[in-house]
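Structure, as structure tokens:
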Amino acid sequence: MTENPFFTASTLAYELPPFAEIRPEHYLPAFERGMAEQLAEIAAITADPQPPTVENTLVALERSGTLLRRVRGVFDNHSSADTTPEVDRIDAEISPRLAAHRDAIHLDAALFARIEELHARRAELDLDPESLRLLERRYTAFVRAGARLGAEEQARLRGINAELAAAASEFRQNVSADSKARALVLDSAEQLAGLSPDAIAAAAENGRALGHDGAYVLSLKNFSNQTELAELTDRSVRERLLAASLGRAAGTNGPLAIRMSALRAERARLLGYDTHAAYVVADETAGTVEAVDALLARLVPPAVANARREAAELAKVAAADGVEEIAAHDWAYYSEQVRQTSYQVDAAALRPYFELERVLRDGVFFAAGLAYGVTFTERPDLPGYHPDVRVFEVFDADGAPLGLFLGDFHARASKRGGAWMDELVTQSDLLGQRPVVYNNLNIAKPAPGEPVLLSWDEVRTLFHEFGHALHGLFSDVRFPYSAGTAVPRDFVEFPSQVNEMWMVWPEVMANYARHHATGEPLPAELVERIEAAESFGQGFRTVEYLAAALLDWAWHTLPEGQEVADAEEFEAAALAKAGLAVAAVPPRYRTTYFGHIFAGGYSAGYYAYIWSEVLDADTVEWFKGNGRGVRESGEVFRRELLARGDSRDALDSFRAVVGRDPETGPLLARRGLL
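Just so you know, we're using my numbering here: the sequence shown kicks off at 665 and counts up by one.
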């Protein structure tokens, strides 16, 4: 297939993929040629008669797989952001084959022998710090992938990895299909009472787009507690919406979760670890299962106590409506009532101040300019992968080109739920490539001509995901293996969480939080009330999160051979054991739609958000009190941390910014857990 656009490097700016030329039938041939080319490149490395050197082994390995990287970046995005049944079929077929390909590299005895020899002689090689770090990380990756196992164990490992890859694809597709099937279809606008006019119009537009003309459709977000629960006045509608959310993929993904956790436990034992959690955390900044246990155990009691205090406040308000006991579908609604009565904060009344275009340009981009000096120019001449996608060229403070940022902000039936960042082109001095990164969100699209108004949480998500984008854009390393967000899982959320602080930074908020119709700024006293109201909800948010984190931990601290008969029963027992069986506060994700851990890279790693928040809260205090200006502080944070990727130890990068080890005090204060 000589016309396959993946077979040659893109001629577009920054090697942006030529999306207009790419069709689904191009993927499999490109994957197959890409895997074959990389295996041939590996064979050339191992056939080299010269003794191994960094250049002829490590650098050659870094250069390998160019075509595979090219197609993988585009396909991963296509299968997540704009999938089709054909793309889903390709995903199901290629996922186990890619797992086998990774094993073919990591379990190549001749290649590992060369890396092992270099690692053994590393003290005498006089390597620069970045090359030494690459050698150490590559060696660790090969060992953790089973390079030291015997032939029989490696054969079993290959089988496990292939089965897990296929199961993850199936899990992801089950969640997507059932989330679409369970979207709440309502006949009248009256059933949506409580939602803002723009939200009701968006539900009508969503209905039209999904083939329910004249109806109103609330599509499900990927988490449990749907955002509309805070505003819907009809209790029965709230109950139906939450039930639809909590029941997703129960019949299909429960058995898959059981099988996947068992396979991961078996693999961990093969590799010399007691559990999958022990295997995962050994290569993270946390280091040990005990360290994670200690942090989570410390947070649970005060978080639950906070939530119970909040529940008592909610019950007082709910009693006036004749509600005798707060149910899970009531919590968000009566929390909103408390915010309105006790703090004079009305979520619906805030939305007109958060128009997407203004938040993006005068908030997110403005903050990046304030802290790092970068600027953004929209490039309508460069194609996106969907009509909704916008392409921006990013320039450094001195005007030098930095990379591309793609923004894909709207929900659609072909996009999975949630929000995320990823890369189409990874920065690398070795390969001469600048970064091309993208953000995906799921903001409801209004009727044509209507403004896109955001909720408070959607504004936060926009800032958060852009923090990941900056991590990729500011990468300044030699090797692609170490670039951008390729850091430990329990560190990767840290820069994005830090970026959330700009949302409420006075100079930034004053620049973007303006009424879309009148231009009036969000009143300063209202900002203070919002922050006070935020503290009221910390009990719920912390319990909701911890329940998901400890559910993940329960699935992945299972030793090999411990059987689970029923996923729902296991989940209930795990939450009860953790002290988090709070009926009115379901986990942020239940097992059967917990894509982070069963279809993504967060297995035994969902704790990473709170672990990273320790670093985040500490760094925000550093930004506020280090005696430097915002621009100077931003430059330190960029140079010492965002630019470094995994080219040095992640906590060394943190220490280079803050000047010491992280402390938990700022996190506990933020979460109201002191």
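For glycine and all other residues, C-beta sits at the position ideal for the given N, C-alpha and C.
All figures in this text were calculated on a predicted structure; none of them were measured in a lab.
Around the beta carbon of residue 833, 16 or more other beta carbons sit within 10 angstroms, so the residue counts as buried. Taking one beta carbon from each stretch, the segment 899-912 and the segment 1180-1188 have fewer than 3 pairs nearer than 8 Å; the two do not touch. Three or more Cβ pairs closer than 8 Å define a contact, and the segment 1084-1094 falls short of that threshold against the segment 885-894.
Cβ contact annotation for residue 786 (same chain, cutoff 7 Å, sequence separation greater than five): 796, 799, in chain order. With contact defined as three or more Cβ pairs closer than 8 Å, the segment 839-853 and the segment 924-934 are not in contact.
The C-beta separation of residue 1130 from residue 1028 comes to about 5 Å, placing the pair in contact by the 8 Å criterion.
Distance check between residue 1162 and each of 1197, 896, 1282, 972 places 1282 closest, using alpha-carbon atoms only. About 11 Å separates the beta carbon of residue 1070 from that of residue 678, a gap too long to meet the 8 Å contact definition. According to the DSSP secondary-structure assignment, residue 1206 is paired through a beta bridge with no residue.
Per DSSP, residue 686 lies in no alpha helix (DSSP H) segment and is marked neither H nor E. Within the same chain, and ignoring the five residues on either side of residue 1014 in sequence, the residues whose Cβ sits closer than 7 Å to its Cβ are 1120. DSSP links residue 1072 through a beta bridge to 1104. Contact between residue 738 and residue 693 fails: their C-beta atoms lie close to 14 Å from each other, not under 8 Å.
The continuous stretches of alpha helix (DSSP H) do not include residue 1026, and DSSP gives it neither H nor E. Setting aside the 5 residues that flank it on each side, residue 1251 is surrounded in the same chain by 1211, 1212, 1215, each with a C-beta closer than 6 Å to its C-beta; the list follows chain order. Among the bridge pairs identified by DSSP, residue 1054 is matched with 1071.
Residue 1006 places its beta carbon 8 Å or farther from that of residue 1157. Between residue 801 and residue 1266, the C-beta gap is not smaller than 8 Å, which leaves the two residues out of contact. With respect to the C-alpha of residue 716, the residue from 699, 778, 703 having the closest C-alpha is 778. With a cutoff of 8 Å on beta-carbon distance, residue 782 and residue 835 are scored as not near each other.
Runs of the beta strand (DSSP E) spanning 3 or more residues and lying entirely within the segment 1207-1282 do not occur at all. In the structure shown, the three-state DSSP call for residue 1112 is coil. Beta bridge pairing from DSSP links residue 1286 with no other residue. Within the segment 790-836, complete alpha helix (DSSP H) segments of at least 4 residues are found at 793-808, given in chain order.
For residue 1036, the three-state secondary structure derived from DSSP is helix. Secondary-structure assignment with DSSP links residue 880 through a beta bridge to 850. Beta-bridge partners of residue 1059 (DSSP): 1039, 1065.
For residue 1089, the pairing in a beta bridge is given by DSSP as 1100. Sequence-distant Cβ neighbours of residue 977 in its own chain, meaning closer than 6 Å and more than five residues away, are 1002.
Per DSSP, residue 1125 is one residue of the alpha helix (DSSP H) stretching across 1120-1137. In this structure the segment 1103-1118 touches the segment 868-877; the number of beta carbon pairs closer than 8 Å is three or more. Scanning its chain for C-beta atoms nearer than 7 Å, with the 5 sequence neighbours on each side dropped, one finds around residue 676 the residues 682, 1046, in chain order. Taking residue 1244 as reference, the option from 1227, 1257, 1208, 1254 with the minimal CA-CA separation is 1208. In this structure, 767 is the residue among 767, 1235, 734, 672 with its C-alpha nearest to the C-alpha of residue 706. In the three-state reduction of the DSSP assignment, residue 1152 falls in the coil class, being assigned neither a helical nor a strand state.
Between residue 695 and residue 746, the alpha-carbon positions lie close to 19 Å from each other.
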